[in-house]
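Structure first, commentary second.
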Amino acid sequence: MTDAVPAYAPVELAFAGPAVPIPASRTPFTLDVGLGDRRLRVPGFWDGGDRYVARFLPETAGEWSWSTASEAPELDGRSGTVVVSGAAGHGPVRVVERFHFAHADGTPHRPVGATVYNWLHQSDELFTATADAIAQARFTKLRFMVFPQAGDYVEHHPELLPFERGPSGWDVDRPNVAFFRRLDAAVALLGDRGIQADVLILNAYDGGRFGLDGLTEEQDAVYLRYLVARLSAFPHVWWSLCNEFDILDRPRSRWDRLGTLLAETDPHDHLRSIHNWIELFDHNRPWITHASIQNGHVTTELGRAGLYRDVYDKPIVLDEIKYEGDIPERWGHLSAEELVHQFWVATVSGCYASHGESFALPGGSLHIVEGGALLGRSPQRLAFLRHVLDDLVVPGIDPIDKWDDPEFVGGVARRQYLRYFGRSAPPSWRFRLPQATNVGERLQSGDAFTVDIIDTWNMTVTAVERPFVLDDVRRNEAFAPEAIALPAGEAIALRITRTR
């Protein structure tokens, strides 16, 4: 018996085992953990020397019992209990309401993501400064790669790599413990700052420098199981199987097998995705929890992004919609105004998006590669968007009439709405709301609403003093008699909330 630990915090159990490391292709031991009807089968892992570790994440208060099973006598038949009381944070993020996210305790999570691909592999000073910058900007999720990136704009190549080398190349049976302890520390650092760790398990940017993109399918599986054993107990982990998977010359069936293995191996059922370059993966596959999509086009205009919801019937996270920056490549020179606009389009379309900066740095790299201080003008506006999302009284934003609403109003029917006018609002707007089509409550005469005018660029919220009461209710839309004066030419949204 030990002192109580909080729910939603990793519990680590360490044991002395064989001095000759058990190869990573053989799970050294398993931990059977239970509380009442809740049972977890947790894989252990070698952590250097004769140290073997298992980590699990209790999500319920009570006295959890555990026991070990192993072919190694030193690791077999151990048992004990862990008392869990209270809670640390809100717990893992999972899918709710078909298209949205919430923590295990029910707290809504509305991702406003950031991207620093090679963050893990930078100097300690830059590594910490990046985490601080992402937290200060109030981003809720950071996408980063486990394996190092090479190629264009990559100026720093790490000496610390994930595996030992053998006669024929990388020996995934012998993980480099120092490397994975650094990864542990990186994930913990993000958690301490309230940031979800979107872990990109594989990447396509090796360019022959490291050879990590040449692992066999069997080697990928060994690595994945070891990675899951180390990180799954962290409550804030998201898994992304690969960034731009279709650059690598691999059949989709291989990706599907690896994704299925990921779902089967993770005892804590974290969110799982795979990210594309040009060719979309089949996000209808059962192991995929949400669609992570690169498409810079669908958020430039209203009415496009939401179509992905109809195809996949899952949350849509547009993890690359191009970047704010100043480089010549078409993906790397969005203005701040355009990127903020695209985030708002994604939001009212019932989707989510991720940010990145591609300003050329003095050393020849980019922020999305190495990190550091944020340079653009979009982060503070996206922090403002997060504030707006946090203030919603509904689980998430969904298209109200996705088939034929010319104004593309989103929200939850008869409760709360967002109406976005784009980057240039008209001088006035007659109060109008679409009727719900096949879900949600229908508007009724006498329904009353408050309106807040949101300036998405200047970051202000101004309440309209009078209420708006519906007096003209039709089959497909409803109106109040008054018009609302707007700041013409500004980037404006309205938050409309029913009061009776």
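In case it helps, UniProt numbering puts the sequence shown at residues 1 to 500.
Each residue gets a CB set at the ideal place from its N, CA and C atoms; glycine is no exception.
Fair warning: this is a prediction, and the values are worked out from it, not measured in the lab.
- In the three-state DSSP reduction, Ser378 falls in the helix class (H, G or I).
- Assignment of Ser273 by DSSP, reduced to helix, strand and coil, places it in the strand class.
- Secondary structure in the UniProt domain "DUF5060" (5-70): the beta strand (DSSP E) runs of 3 residues or longer, each lying completely within the stretch, are 5-7, 11-16, 30-35, 38-43, 51-56, 62-69 in chain order.
- The DSSP-derived three-state label of Ser240 is strand.
- Nearest neighbour of Glu164 by Cα position, chosen from Lys314, Gln196, Tyr223, turns out to be Tyr223.
- The criterion of a C-beta distance shorter than 7 angstroms is not satisfied by Phe45 and Arg181.
- Secondary structure within the segment 304-378: the beta strand (DSSP E) runs of 3 or more consecutive residues, fully enclosed, are 316-320, 352-354 (chain order).
- Beta bridge pairing from DSSP links Trp170 with Arg165.
- Per DSSP, the unbroken alpha helix (DSSP H) holding Glu125 starts and ends at 124-136.
- Separation of the CB atoms of Arg414 and Arg498 is rounded to 6 angstroms, and the pair is thereby assigned contact status at 8 angstroms.
- Of the residues assessed, Pro481 falls on the exposed side of the cut-off, its CB having fewer than 16 other CB atoms within 10 angstroms.
- If you draw a straight line from the Cα of Asp171 to the Cα of Pro6, it is about 37 angstroms long.
- Distance from the Cα of Arg419 is smallest, within the candidate group Pro43, Arg377, Ala491, for Ala491.
- Residue pairing of Thr216 in beta bridges, as defined by DSSP: absent, with no partner found.
- Beyond the five residues adjoining it in sequence on each side, Pro328 comes within less than 7 angstroms, by CB distance, of no other residue in the same chain.
- Exclusion of the five residues before and after Phe421 leaves Ile492 as the residues of its chain whose Cβ lies within less than 6 angstroms of its Cβ.
- Distance from Arg110 to Gly396 at the Cβ level is roughly 7 angstroms; contact confirmed, criterion being Cβ atoms closer than 8 angstroms.
- Close CB contacts of Phe29 within its chain, under the 6 angstroms cut and outside five residues either way in sequence, are with Gly44, Thr68, Ser70, Leu75 (chain order).
- In terms of Cα proximity to Glu264, the closest of Glu279, Ser232, His236, Pro251 is Ser232.
- Taking a cut-off of 8 angstroms for Cβ pairs, the segment 241-251 and the segment 60-67 do not touch, as fewer than three such pairs fall below it.
- Residue Phe449 holds the alpha-carbon nearest to the alpha-carbon of Arg466 among Asp319, Phe449, Gly214, Gly34.
- Straight across, the Cα-Cα distance linking Leu126 with Ser273 is about 28 angstroms.
- If you look at Phe179, you'll find it in the alpha helix (DSSP H) that goes 177-192.
- In this structure, the CA atom of Leu215 is about 11 angstroms from the CA atom of Asp206.
- For Ser428, the enclosing beta strand (DSSP E) begins and ends at 428-434.
- Judged by beta-carbon spacing, Ile278 lies beyond the 7 angstroms limit of Leu318, meaning their Cβ atoms are not closer than that value.
- The criterion of a C-beta distance shorter than 7 angstroms is not satisfied by Val116 and Phe139.
- By the Cβ test, the segment 374-390 is not in contact with the segment 96-107, since fewer than three Cβ pairs between them sit closer than 8 angstroms.
- At the C-beta level, Ile321 and Tyr308 stay beyond 7 angstroms of one another.
- Taking 8 angstroms as the upper bound for CB-CB distance, Val11 and Val96 are not in contact here, some 26 angstroms apart.
- Cβ-Cβ distances below 7 angstroms link Ala4 to Val83, Val84, Ser85 in the same chain, with the five nearest sequence neighbours on each side left out; the list follows chain order.
- Each of Ala188, Phe56, Asp246, Gln196 was checked against the Cα of Asp213, and the nearest Cα belongs to Asp246.
- According to the DSSP assignment, Leu258 belongs to the alpha helix (DSSP H) that extends over 252-265.
- Taking C-beta separations shorter than 6 angstroms and ignoring five residues to either side along the sequence, the partners of Gln219 in its chain run Val172, following chain order.
- If you ignore the 5 residues before and after Asp452, its C-beta comes within less than 6 angstroms of the C-beta of Val461, Ala463, Arg495, all in its own chain and listed in chain order.
- By the 16-neighbour rule on beta-carbons within 10 angstroms, Pro362 is exposed.
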